[in-house]
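Residue numbers (the numbering used here), protein chains in the order written: chain P, 1 to 141; chain L, 1 to 141. Cβ atoms here follow ideal geometry from the backbone N, Cα and C, with glycine treated the same way. All of these numbers come straight from a predicted model, not from anything done at the bench. For reference, the structure is listed below as structure tokens.
2 protein chains.
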Amino acid sequence: MSEEPFVWPKGVKKTKQRMEIFAVLEKSDKPMSAFSISKKLNGGTDKNTWLSTVYRTLDLFEKEKIITKISIMNQDMALYTLNRFAHHHYAVCVDCHSVIEMENCPMETFDPNLTDKNFRVLGHKIELYGYCNSCELQVEK
Amino acid sequence: MSEEPFVWPKGVKKTKQRMEIFAVLEKSDKPMSAFSISKKLNGGTDKNTWLSTVYRTLDLFEKEKIITKISIMNQDMALYTLNRFAHHHYAVCVDCHSVIEMENCPMETFDPNLTDKNFRVLGHKIELYGYCNSCELQVEK
DNA sequence: ATTACTGCAAAGCATTTGCAGACTG
DNA sequence: CAGTCTGCAAATGCTTTGCAGTAAT
Numbered sequence: 001m002s003e004e005p006f007v008w009p010k011g012v013k014k015t016k017q018r019m020e021i022f023a024v025l026e027k028s029d030k031p032m033s034a035f036s037i038s039k040k041l042n043g044g045t046d047k048n049t050w051l052s053t054v055y056r057t058l059d060l061f062e063k064e065k066i067i068t069k070i071s072i073m074n075q076d077m078a079l080y081t082l083n084r085f086a087h088h089h090y091a092v093c094v095d096c097h098s099v100i101e102m103e104n105c106p107m108e109t110f111d112p113n114l115t116d117k118n119f120r121v122l123g124h125k126i127e128l129y130g131y132c133n134s135c136e137l138q139v140e141k
Numbered sequence: 001m002s003e004e005p006f007v008w009p010k011g012v013k014k015t016k017q018r019m020e021i022f023a024v025l026e027k028s029d030k031p032m033s034a035f036s037i038s039k040k041l042n043g044g045t046d047k048n049t050w051l052s053t054v055y056r057t058l059d060l061f062e063k064e065k066i067i068t069k070i071s072i073m074n075q076d077m078a079l080y081t082l083n084r085f086a087h088h089h090y091a092v093c094v095d096c097h098s099v100i101e102m103e104n105c106p107m108e109t110f111d112p113n114l115t116d117k118n119f120r121v122l123g124h125k126i127e128l129y130g131y132c133n134s135c136e137l138q139v140e141k
């Protein structure tokens, strides 16, 4: 289940804040926004403090390949998720914006056929959109 | 090649601005940002005017299913493309942000397997990212 | 001690909104 | 003419940045 706990890069200080942010991401099975992370950190309070630190930490983690930043259609905030859980793709409800994980990846069996264009593929991002169960039921309103 | 020219929805006025914005999108084979559209409209000048109208028109077009709004990873601006060209997917250079179109769609032959989760899939969005040819050559810098 | 990090406040930037005047049908 | 649109300017909301004090190594 747990992979190696992950090593702090040298020169990077292991602060309380960073460890807490990591812990929050680790406990969540869904990608989180900077704001929702900071809310968790502040114990539910809406204190705006921390937010810039959260962003800076997320940038750092992303640079260090610890997390992945994803930006979802019609959602104004970026979401972040531990790479441990990465290479998952998501289905997003166009109504309530809830996020469901896809079990497998269409790209596993697909050749994008870009070699003639000299494009070196590093990765990919896939999103489905549609209606989740509860919003589907209310579509007529 | 050309599908039906598309009908203006009733109640929606056919103004000079809207027609020009449509024309710009029609001439471009790549998705464009609101800003780049407005630059084209202003004949290359950086006039900030128009921008809100461009956004409003793009929102309208999107609502009327004339265009599709896409938001690309690590790119802060939304991009818009005529649906006539839609259901294409893109490879984006992580360095210079140039956009290359993919010829075919991995989802054509893929079952996301979400029916058990009661998610009604309306559509999808796929992006590859990596290095385009010219950036690949400069990677060492 | 050094060097990196945090909190705070202020700035940036894409996008949205309010409003009065201008234009379409 | 009536009802929509446009331009302008100001507001919004997420994210970034500068700086002086604080904490990690």
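Below-8 Å beta-carbon distance, residue i vs any chain L residue
i: Asn83(P); result: no
i: Ala91(P); result: yes
i: His97(P); result: no
i: Ile126(P); result: yes
i: Lys117(P); result: yes
i: Ile100(P); result: yes
i: Lys141(P); result: Caution is warranted here: a pLDDT of 36 is assigned to Lys141(P), below 50, making its placement in the model unreliable, and the coordinate value is therefore given only provisionally. Chain L contact via Cβ: absent.
i: Glu103(P); result: yes
i: Arg18(P); result: no
i: Leu114(P); result: yes
Per DSSP, the bridge partner or partners of residue i
i: Ser33(P); result: Leu79(P)
i: Tyr55(P); result: None, per the DSSP bridge assignment.
i: Ala91(L); result: Ile100(L) and Leu128(L)
i: Ile70(L); result: Leu79(L)
i: Arg120(L); result: Tyr131(P)
Simplified DSSP assignment, three categories, for residue i
i: Thr15(P); result: coil
i: Lys40(P); result: helix
i: Pro106(P); result: helix
i: Leu60(P); result: helix
i: Leu137(P); result: coil
i: Pro9(P); result: coil
i: Leu114(L); result: coil
i: Lys65(L); result: coil
Nearest neighbour of residue i, chosen from the options [CA to CA]
i: Asn83(P); options: Glu127(P), Ile67(P) and Arg56(P); result: Ile67(P)
i: Tyr129(P); options: Ser134(L), Arg120(L) and Leu137(L); result: Arg120(L)
i: Ser52(P); options: Glu64(P), Phe110(P), Gln17(P) and Glu101(P); result: Gln17(P)
i: Val99(P); options: Lys14(P), Leu58(P), Tyr80(P) and Glu108(P); result: Tyr80(P)
i: Pro31(L); options: Cys135(L), Tyr55(L), Leu60(L) and Ala78(L); result: Ala78(L)
i: Trp50(P); options: Asn118(P), Ala34(P), Ala91(P) and Glu127(P); result: Ala34(P)
i: Thr57(L); options: Cys135(L), Glu20(L), His89(L) and His97(L); result: Glu20(L)
i: Phe22(L); options: Ile37(L), Gly11(L) and Val12(L); result: Ile37(L)
i: Leu122(L); options: Tyr90(P), His88(P), Val94(P) and Leu114(P); result: Val94(P)
i: Thr15(P); options: Glu26(P), Ser28(P), Val54(P) and Lys27(P); result: Val54(P)
i: Glu101(L); options: His88(L), Pro112(L) and Met107(L); result: His88(L)
i: Asn113(L); options: Glu103(P), Lys27(P), Leu114(P) and Glu108(P); result: Glu103(P)
i: Lys117(L); options: Phe110(P), Asn133(P), Val92(P) and Ile126(P); result: Asn133(P)
i: Ile70(L); options: Lys125(L), Gly43(L) and Cys96(L); result: Lys125(L)
Chain P contact for residue i (CB, 8 Å cutoff)
i: Leu41(L); result: no
i: Tyr131(L); result: yes
i: Cys122(L); result: Sequence check: residue 122(L) is Leu here, not Cys. True, the Cβ-Cβ gap to chain P drops below 8 Å.
i: Glu64(L); result: no
i: Pro31(L); result: no
beta-carbon residue i near the ligand FAD non-hydrogen atom, thresh 7 Å
i: His89(L); result: By its list of ligands, the structure shown contains no ligand whatsoever, and the ligand FAD lies outside what it can speak to.
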